[in-house]
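Quick note on our numbering: the sequence shown kicks off at 358 and runs consecutively. Beta carbons are placed, not taken as given, at the ideal position from N, Cα and C, and that holds for glycine. Inspection log for the structure reproduced underneath, given as structure tokens.
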Amino acid sequence: MQKQQARRVLDKGQLLSVFGEYLARKNGGQASDYIQDQVLLDECVRGDKNFPWVEIAAQVNLDRWRLYHWYFETFQRMLAGSIEKEDVTLMRDLIKKAMTNDEPLDKQFQQFVKTSLSKDYHRSSFSIAFNNTKRQVMKELGKTVLPTSRPVIRMESHHDLQQLIQSQQNQLKLNQRQQFEQRQVNFQSFRAKANVQPQRQTAQQLIELKQQPITETHTSEYSSSSEYLNESFEQSNSFINEHVTVQAETNLQIDPEYEVSVTALNVNTEEQTEPVPRYESPKLGANFIVFDKM
Numbered sequence: 358m359q360k361q362q363a364r365r366v367l368d369k370g371q372l373l374s375v376f377g378e379y380l381a382r383k384n385g386g387q388a389s390d391y392i393q394d395q396v397l398l399d400e401c402v403r404g405d406k407n408f409p410w411v412e413i414a415a416q417v418n419l420d421r422w423r424l425y426h427w428y429f430e431t432f433q434r435m436l437a438g439s440i441e442k443e444d445v446t447l448m449r450d451l452i453k454k455a456m457t458n459d460e461p462l463d464k465q466f467q468q469f470v471k472t473s474l475s476k477d478y479h480r481s482s483f484s485i486a487f488n489n490t491k492r493q494v495m496k497e498l499g500k501t502v503l504p505t506s507r508p509v510i511r512m513e514s515h516h517d518l519q520q521l522i523q524s525q526q527n528q529l530k531l532n533q534r535q536q537f538e539q540r541q542v543n544f545q546s547f548r549a550k551a552n553v554q555p556q557r558q559t560a561q562q563l564i565e566l567k568q569q570p571i572t573e574t575h576t577s578e579y580s581s582s583s584e585y586l587n588e589s590f591e592q593s594n595s596f597i598n599e600h601v602t603v604q605a606e607t608n609l610q611i612d613p614e615y616e617v618s619v620t621a622l623n624v625n626t627e628e629q630t631e632p633v634p635r636y637e638s639p640k641l642g643a644n645f646i647v648f649d650k651m
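Quick look at the structure:
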């Protein structure tokens, strides 16, 4: 009896009919609705965590394992369809490159190839296509044996291990140094374009500068006309022309007692402009430095 059952050809229509009748009883509708729309049937089965596999298998005179295998390995693979030609070509290129570099075609590599394809194929369809492509590429390259594992770095002594760790740390420091230099380049570019940047963004950039590690000093001098505000609006404000030096030094800190307001900034220009009157009420316990024109 077991041999006859193992050789039995499963009737797809009969199996889907039983699936459809169960889903109609549970979710409503007609069994024919699920049989005709097999994608809907598959979504309902996969979404049912308590699907009665044993009960359904008994109705079609199968054991649970046989029914489970038919559904997930045959029926779902049929729904997913075969792999597209473009994906087969991509798979072939990736496998050929790996074989040329003597990389193992292990589970890690297979997962990489699977995620590189245009869509998520059924595991059976992918496995069949992967193995067929692998055999074809092996024959093309004349390979009979492939690496079975990835290379492992073995240290002869503790000193070799320390050298490896030190080299990795040096590489990490080099990467950090390159990132720091890139930030400096961006800062220099920002200062060169300060005359066209919005003033609010310029002030924000100067404030954020104190949070960046700066190990070099950059000095720039600007000709400015500053207005020192009086406490009373009725009194005239005093003006003074002076040179302002801006420095970016190590561990730059901005004194929290000062509030800086920038209304305009002109770099490398001899243009003389009149300061724009500004009236701000000073806060108690705070000193104001107002750069009206630079």
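Which same chain residues, not among the five before or five after residue i, have their C-beta less than 7 Å away from its C-beta?
{"i": "LEU447", "result": "SER473, LEU474"}
{"i": "ASN384", "result": "CYS401"}
Leaving out five residues on either side along the sequence, give the residues of the same chain with a beta carbon under 8 Å from the beta carbon of residue i.
{"i": "VAL445", "result": "ALA486, THR490"}
Please classify residue i: does DSSP put it in a helix, a strand, or coil?
{"i": "GLN387", "result": "coil"}
{"i": "ASP399", "result": "helix"}
{"i": "THR501", "result": "coil"}
{"i": "SER475", "result": "coil"}
{"i": "LEU419", "result": "coil"}
Verify whether the separation of the beta carbon atoms of residue i and residue j is less than 8 Å.
{"i": "ILE440", "j": "SER482", "result": "yes"}
{"i": "VAL494", "j": "MET456", "result": "yes"}
{"i": "VAL417", "j": "VAL470", "result": "no"}
{"i": "LEU367", "j": "ASP399", "result": "no"}
With 16 other CB atoms within 10 Å as the buried threshold, where does residue i fall?
{"i": "VAL320", "result": "The first residue shown for the chain is 358 and the last is 651, placing residue 320 beyond what the model contains."}
{"i": "LEU521", "result": "exposed"}
{"i": "GLY377", "result": "buried"}
{"i": "GLN523", "result": "exposed"}
Can you grab the Cα-Cα spacing for the pair residue i / residue j, in whole Å?
{"i": "LEU419", "j": "VAL411", "result": "9 Å"}
{"i": "TYR379", "j": "ARG480", "result": "27 Å"}
{"i": "PHE466", "j": "ARG492", "result": "16 Å"}
{"i": "ILE413", "j": "TYR478", "result": "27 Å"}
{"i": "CYS401", "j": "PHE537", "result": "54 Å"}
{"i": "GLN395", "j": "LYS500", "result": "43 Å"}
{"i": "TYR428", "j": "ASP450", "result": "32 Å"}
{"i": "GLN528", "j": "LEU498", "result": "36 Å"}
{"i": "GLN525", "j": "GLU460", "result": "23 Å"}
{"i": "ARG434", "j": "ASN407", "result": "22 Å"}
{"i": "ASP463", "j": "ALA381", "result": "43 Å"}
{"i": "ILE452", "j": "LEU531", "result": "34 Å"}
{"i": "HIS426", "j": "GLN533", "result": "53 Å"}
Identify, in the order they occur along the chain, each residue of the same chain with its Cβ nearer than 6 Å to the Cβ of residue i, setting aside the five sequence neighbours on each side.
{"i": "LEU373", "result": "ILE392"}
{"i": "ARG423", "result": "none"}
{"i": "GLY386", "result": "none"}
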